[in-house]
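Asks: A single structure is presented below for examination.
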Amino acid sequence: MAPDGKQGSHPYERRDTSLHSGRYGGLIFKDGQWHLFACIFPKGKQFVTHYISRDGSLDHWDYVKEDTFGPDGVIYQGPDWRDPRIVYREELGEYWMFLAARANEGHSQTGCVGLCVSRDLKHWEYRKPVYYPRRHRQKRSFSRTGFPTVSFP
């Protein structure tokens, strides 16, 4: 069951544990523990949840309910707040979470790649979008595969 007590929306996927409450997530190892960030969709809203495998096995997970968070309403708005991906920026001592998000602007073309930053994987600071094509005309660079690349500052 999902943390909201409901089964997942895709019957072809296994949804019998809270770990399987969303389709996408970000996994990172820190201090002997695995941390998984996945999305849930209660009542049409999107939130990022946090799970910890304290024994490091990837077989046993604890849902950390108080770490669930959604758009802040200042930089980001709903409904989009999903597909978290985590990277550790060693030179800054920070974890960066990239998300599919919507900027909090007064028009409909607000899709962006959102950014939240943390030092402990528990407390997240909202930062401006790293990619927001409808707000600024940005020069895009493409890799050899043809996919856009994002450069770190």
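According to this note's numbering, the sequence shown is numbered sequentially starting from 134.
Just so it is clear, CB atoms sit at the ideal spot from N, CA and C, and this is done for glycine as well.
Note that the coordinates shown come from a computational prediction; the quantities given were computed from them, not determined experimentally.
(1) Locate the beta strand (DSSP E) running through Lys-198, then write down its first and last residues.
(2) Out of Leu-169, Lys-176, Tyr-264, point me to the one whose CA is closest to Tyr-184's CA.
(3) Given this structure, state the Cα-to-Cα distance separating Thr-182 from Trp-257, to the nearest angstrom.
(4) I need the DSSP call for Pro-262, collapsed to helix, strand or coil.
(5) Taking the C-alpha atoms as reference points, what is the distance between Arg-187 and Val-220?
(6) I'd like the list of long-range same chain contacts for Leu-191, defined as Cβ closer than 8 Å, with 5 residues on each side in sequence excluded.
Replies: Judging by the given coordinates:
(1) Counting along the chain, Lys-198 falls outside any beta strand (DSSP E), and DSSP gives it neither H nor E.
(2) Leu-169
(3) 12 Å
(4) strand
(5) 20 Å
(6) Trp-167
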